[in-house]
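Undergrad:
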Amino acid sequence: MTTAYEAVTAALEWLTRQFTITFITGNRYKLFLTGLRNTLIIAFGAVIIGTFIGAVVAMIRVYSAQSGKLRALDKLCGAYLAVFRGTPIVVQLLIMYYIVFSFIDNGISIAVLAFGINSGAYVAEIVRAGILAVDIGQTEAGRSLGLSSGKTMRLIVLPQAIKNILPALGNELIALLKDTSVAGYVTVKDLAQAGENVRTLTAEPYFSLLFVAAVYFLLVMCITKILRIAERRLAKSDRH
Amino acid sequence: MIVIEGLVKKFGANTVLDRVTERVRPGEKVAVIGPSGSGKSTLLRCLNLLERPDEGRILFDGEEITGPKCDADSVRRRMGMVFQHFNLFGNMTVLKNITLAPVKLKIMTPGEAEEAARALLSRIGLTDKADAYPAMLSGGQKQRVAIVRALAMNPRVMLFDEPTSALDPEMVGEVLDVIREVAEAGMTMVIVTHEMGFAREVASRVMFIDGGRVKETGPPKEIFDAPRDPRLQEFLSKVI
Chain A
155 MTTAYEAVTA ALEWLTRQFT ITFITGNRYK LFLTGLRNTL IIAFGAVIIG TFIGAVVAMI
215 RVYSAQSGKL RALDKLCGAY LAVFRGTPIV VQLLIMYYIV FSFIDNGISI AVLAFGINSG
275 AYVAEIVRAG ILAVDIGQTE AGRSLGLSSG KTMRLIVLPQ AIKNILPALG NELIALLKDT
335 SVAGYVTVKD LAQAGENVRT LTAEPYFSLL FVAAVYFLLV MCITKILRIA ERRLAKSDRH
Chain B
12 MIVIEGLVKK FGANTVLDRV TERVRPGEKV AVIGPSGSGK STLLRCLNLL ERPDEGRILF
72 DGEEITGPKC DADSVRRRMG MVFQHFNLFG NMTVLKNITL APVKLKIMTP GEAEEAARAL
132 LSRIGLTDKA DAYPAMLSGG QKQRVAIVRA LAMNPRVMLF DEPTSALDPE MVGEVLDVIR
192 EVAEAGMTMV IVTHEMGFAR EVASRVMFID GGRVKETGPP KEIFDAPRDP RLQEFLSKVI
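Top line first, the protein sequences correspond to chains A and B.
Position in the first sequence (first residue = 1) + 154 = the working numbering.
Position in the second sequence (first residue = 1) + 11 = the working numbering.
(1) My assumption, with CB atoms under 8 Å, is that residue 191 (chain B) sits in contact with residue 109 (chain B). Please give the rounded CB distance.
(2) Using only the alpha-carbon positions, how far apart do residue 156 (chain A) and residue 167 (chain A) sit?
(3) Using the three-state DSSP reduction, which class does residue 374 (chain A) fall into: helix, strand or coil?
(4) Given residue 250 (chain A), which residues of its chain have a CB within under 7 Å of its CB, disregarding the five upstream and five downstream residues?
(5) Determine the closest residue to residue 51 (chain B) out of B:237, B:219, B:238 and B:248, with distance taken between C-alpha atoms.
(6) Please state the DSSP three-state secondary structure of residue 58 (chain B).
(7) Could you please give me the residues that DSSP links to residue 31 (chain B) through a beta bridge?
(8) Within the stretch 212 to 271 of chain A, note down every full alpha helix (DSSP H) run reaching 4 residues or more, in order along the chain.
(9) So is residue 212 (chain B) buried or exposed if we call it buried at 16+ other beta carbons inside 10 Å?
(10) How many angstroms separate the CA atom of residue 343 (chain A) from the CA atom of residue 216 (chain A)?
(11) Could you work out which residues of chain B lie near residue 350 (chain A), taking near to mean beta carbons separated by less than 7 Å?
(12) Opposite residue 203 (chain B) in the DSSP bridges: which residues?
(13) What in chain A is Cβ-close to residue 96 (chain B), meaning under 7 Å?
(14) By the three-class DSSP mapping on this structure, what secondary structure does residue 104 (chain B) have?
(15) Is the shortest distance between the beta-carbon of residue 219 (chain B) and the beta-carbons of chain A less than 8 Å?
(16) Within 8 Å of any Cβ in chain A, is that where the Cβ of residue 155 (chain B) sits?
(17) Please classify residue 255 (chain B): does DSSP put it in a helix, a strand, or coil?
(18) Mind checking the stretch 108 to 119 of chain B against chain A and listing, in chain order, the residues whose C-beta falls within less than 8 Å of any C-beta there?
(19) At 9 Å on the CB atoms, spell out the chain B contacts of residue 326 (chain A), in chain order.
(20) Hey, how far is the Cα of residue 232 (chain B) from the Cα of residue 243 (chain B)?
(21) For a cutoff of 8 Å on Cβ pairs, would you count residue 101 (chain B) as touching chain A?
(22) Report the rounded CA-to-CA distance for residue 203 (chain B) versus residue 232 (chain A), giving the unit in angstroms.
(23) For a quick check, are the C-beta atoms of residue 262 (chain A) and residue 207 (chain A) less than 8 Å apart?
(24) Could you pull out every residue in the same chain whose Cβ sits closer than 6 Å to the Cβ of residue 211 (chain A), ignoring the five residues on either side in sequence?
(25) Note down, in chain order, all residues in the stretch 282 to 306 of chain A with a beta-carbon under 7 Å from any beta-carbon belonging to chain B.
(26) Could you tell me the distance, in whole angstroms, from the CA atom of residue 236 (chain A) to the CA atom of residue 259 (chain A)?
(27) Would you say residue 280 (chain A) and residue 326 (chain A) are within 8 Å of each other, going by their C-beta atoms?
(28) So which residues of chain A does residue 85 (chain B) contact, with C-beta pairs closer than 9 Å?
(29) Is the beta carbon of residue 89 (chain B) closer than 8 Å to that of residue 166 (chain B)?
(30) Three or more C-beta pairs under 8 Å: does that hold for the stretch 130 to 150 of chain B against the stretch 74 to 85 of chain B?
(31) Under the DSSP definition of a beta bridge, which residues are partnered with residue 331 (chain A)?
(32) At which residues does the beta strand (DSSP E) containing residue 226 (chain B) begin and terminate?
(33) Which residues in chain B have a C-beta closer than 7 Å to the C-beta of residue 391 (chain A)? List them in chain order.
(34) Return the Cβ separation of residue 223 (chain B) and residue 26 (chain B) in integer angstroms, given the expectation that the two are a contact with Cβ distance under 8 Å.
(35) Can you grab the Cα-Cα spacing for the pair residue 122 (chain A) / residue 241 (chain A), in whole Å?
(36) Using CA coordinates, which residue listed in B:221, B:93 and B:181 is at the minimum distance from residue 173 (chain B)?
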């Protein structure tokens, strides 16, 4: 009896001590909060840049393939895709920080840019597939009414493409969020880095790392939920 | 109204239209008939520049529309087109399908366009479907909406590309009724069709195309009752 009681007490004591040194001592919870903030800034900033680049690159590639115009720009887009999908994100991040923007000492901005440009390459292929999956008849109908190719793309094709590619875009968004955990390579204090930091400070791996994992998991769950809602909204034209 | 001179269209090594020279006069209802793959649809699609002819020229209201400087969008605003597969915009309600082009091209205000659209919908008996999405309509309803969508632009000419070929047999009648009504209102029309009975009844002239060439053209009575071209005789013996 006494041994069981002692075991429980010891466990509780251990938990309390772990909690205290991980979050309370030296206001270490602030490290996690700063980390979370930086992770969110990088992820959201990169999503905006990536979506913009991806949509533009996809439209250029589709337009070029259909009309035979903008050949040079199409080649450039192809090279962009090859380079940024062909090299690891960590290496791209380091090159951005130590070579391309070596004169700027702002890890977060550079990380936003690096992740955004990298994500753009993947988004471009997703969007392109989405556009190509929309029946060519939709484009022809738009053009036959006198709408320009730009208006037809923006008003008719893209909205339908986005509906189709939402799950794939969600995947990319989730991957991007988790990819930002390597931002520490360029001195950014992101969420993963906060965990690593606290692990070193406390010399205890359990709470710091498992907590960070749980926060990432919750963030991904939130994104999944939001995408579900968006999908349902966009599906209203499918109801019979 | 439309003058076609020496029109040639090739898809790769395949010559689909072989020096077609024809004209469509104001108020004429031209039915284009012929075997599959004879070039009927391609001819129609050349008229509103969905296909670019390789040789020859097309004049519309005296303006050469096949020239390099011609603004295809402005030509298409004056030519309505109805497709075999309806091509209603899947992401928009019926009303939005009809008002999109007039509003976005600043031909009508949103208010005017909606009023015109509702009037057109009542003409085809689909007032109650204004807020429905295309996926909720039957094939016949979709095609009727597609016809008034084209009419909403107040075109000078209506082009119909096999408007009943994708319909269940019991829905062909309701679509032909709408087309007949448009014809009786004095619209100039070119209609590619396999409905010989309808061509005979509504067309003011029938054009038989085979192997990319216009083999015979004349009033329906002559074409159907006294065909001279042997290929036309053979074709009619198969389809009637």
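Cβ coordinates follow ideal geometry from the N, Cα and C atoms, glycine included.
TA: On the basis of the data shown:
(1) The residue you call residue 191 (chain B) lines up with position 180 of the second sequence. The residue you call residue 109 (chain B) lines up with position 98 of the second sequence. With 8 Å as the limit, residue 191 (chain B) and residue 109 (chain B) do not qualify as a contact, their Cβ atoms being about 20 Å apart.
(2) For the purposes of this step, residue 156 (chain A) is identified with residue 2 of the first sequence, where counting begins at 1. For the purposes of this step, residue 167 (chain A) is identified with residue 13 of the first sequence, where counting begins at 1. Their Cα atoms are separated by approximately 16 Å.
(3) For the purposes of this step, residue 374 (chain A) is taken as the residue at position 220 of the first sequence. Of the three classes helix, strand and coil, the one that applies to residue 374 (chain A) here is helix, per DSSP.
(4) Numbered from its first residue, the first sequence carries residue 250 (chain A) at position 96. The residues are 264, 267 and 268.
(5) Along the second sequence, read from residue 1 onward, the residue named residue 51 (chain B) stands at position 40. Proximity to residue 51 (chain B) across B:237, B:219, B:238 and B:248 peaks at B:219, based on C-alpha coordinates.
(6) In the second sequence, counting from the first residue as 1, residue 58 (chain B) sits at position 47. It is helical.
(7) Within the second sequence, numbered from 1, the residue matching residue 31 (chain B) stands at position 20. Bridge partners of residue 31 (chain B): B:18.
(8) List check, alpha helix (DSSP H) in window: 225 to 240 and 243 to 249.
(9) Taking the first residue of the second sequence as position 1, residue 212 (chain B) is located at position 201. With fewer than 16 Cβ atoms within 10 Å of its Cβ, residue 212 (chain B) is classed as exposed.
(10) Looking up residue 343 (chain A) in the first sequence gives position 189. Looking up residue 216 (chain A) in the first sequence gives position 62. Straight through space, the alpha carbons of residue 216 (chain A) and residue 343 (chain A) are spaced by roughly 39 Å.
(11) The residue you call residue 350 (chain A) lines up with position 196 of the first sequence. Correct list: empty, because the minimum Cβ distance to chain B is about 46 Å.
(12) As a first step, residue 203 (chain B) is located in the second sequence; it is residue number 192 there, counting from the start. Note: residue 203 (chain B) sits in a beta bridge opposite B:43 and B:172.
(13) The residue given as residue 96 (chain B) occupies position 85 in the second sequence. Neighbours of residue 96 (chain B) on chain A, chain order: 291.
(14) Reading the second sequence from its first residue, position 93 is the one you call residue 104 (chain B). When secondary structure is reduced to three states using DSSP, residue 104 (chain B) falls in the coil class, being assigned neither helix nor strand.
(15) The residue given as residue 219 (chain B) occupies position 208 in the second sequence. Look at residue 219 (chain B): its C-beta is not under 8 Å from any C-beta on chain A.
(16) The residue labelled residue 155 (chain B) in the question sits at position 144 within the second sequence. Using a CB distance cut-off of 8 Å, residue 155 (chain B) does not count as an interface residue toward chain A.
(17) Any answer about residue 255 (chain B) is impossible in this case: the structure gives chain B only from 12 up to 251.
(18) If the cut-off is 8 Å between Cβ atoms, the stretch 108 to 119 of chain B has 111, 112, 115 and 116 near chain A.
(19) Within the first sequence, the letter at position 172 stands for residue 326 (chain A). Per Cβ cutoff of 9 Å: no residues; residue 326 (chain A) is ~22 Å from chain B at best.
(20) Stepping through the second sequence from its first residue, residue 232 (chain B) is reached at position 221. Stepping through the second sequence from its first residue, residue 243 (chain B) is reached at position 232. The straight-line gap from Cα to Cα measures roughly 14 Å.
(21) Mapped onto the second sequence, residue 101 (chain B) falls at position 90. At a cut-off of 8 Å between C-beta atoms, residue 101 (chain B) counts as an interface residue with respect to chain A.
(22) As a first step, residue 203 (chain B) must be located in the second sequence, where it is residue number 192. As a first step, residue 232 (chain A) must be located in the first sequence, where it is residue number 78. Going by the C-alpha atoms only, they are around 41 Å apart.
(23) Taking the first residue of the first sequence as 1, we reach residue 262 (chain A) at position 108. Taking the first residue of the first sequence as 1, we reach residue 207 (chain A) at position 53. No, the pair does not count as a contact, with Cβ atoms beyond the cut-off.
(24) Taking the first sequence and counting its residues from 1, one reaches residue 211 (chain A) at position 57. 231 and 278.
(25) Residues are counted here when their Cβ sits less than 7 Å from a Cβ of chain B; for the stretch 282 to 306 of chain A these are 291, 292, 294, 295, 297, 298, 299, 300, 301, 302 and 305, given in chain order.
(26) The sequence position of residue 236 (chain A) within the first sequence is 82, counting from 1. The sequence position of residue 259 (chain A) within the first sequence is 105, counting from 1. C-alpha separation (whole angstroms): 28 Å.
(27) Against the first sequence, residue 280 (chain A) aligns to sequence position 126. Against the first sequence, residue 326 (chain A) aligns to sequence position 172. In contact: residue 280 (chain A) and residue 326 (chain A) (Cβ atoms closer than 8 Å).
(28) For this step, residue 85 (chain B) is matched to residue 74 along the second sequence. Those within 9 Å of residue 85 (chain B) in chain A are 300.
(29) Here residue 166 (chain B) refers to the residue found at position 155 when the second sequence is read from its first residue. Here residue 89 (chain B) refers to the residue found at position 78 when the second sequence is read from its first residue. Cβ distance < 8 Å, so residue 166 (chain B) and residue 89 (chain B) count as in contact.
(30) The stretch 130 to 150 of chain B, when compared against the stretch 74 to 85 of chain B, does not touch it at the 8 Å Cβ threshold.
(31) Position 177 of the first sequence, counted from the first residue, corresponds to residue 331 (chain A). Residue 331 (chain A) is not bridged to any residue.
(32) In the second sequence, the residue the question calls residue 226 (chain B) occupies position 215. First-last of the beta strand (DSSP E) with residue 226 (chain B): 224 to 229.
(33) By 1-based counting over the first sequence, the position of residue 391 (chain A) is 237. Within chain B, the residues near residue 391 (chain A) are 101, 102, 144 and 146.
(34) As a working note, residue 223 (chain B) is residue 212 in the second sequence. As a working note, residue 26 (chain B) is residue 15 in the second sequence. With a beta-carbon spacing of about 6 Å, residue 223 (chain B) and residue 26 (chain B) fall inside the 8 Å limit used to define contacts.
(35) Any answer about residue 122 (chain A) is impossible in this case: the structure gives chain A only from 155 up to 394.
(36) The residue labelled residue 173 (chain B) in the question sits at position 162 within the second sequence. Looking only at B:221, B:93 and B:181, the smallest Cα-Cα distance to residue 173 (chain B) is reached by B:93.
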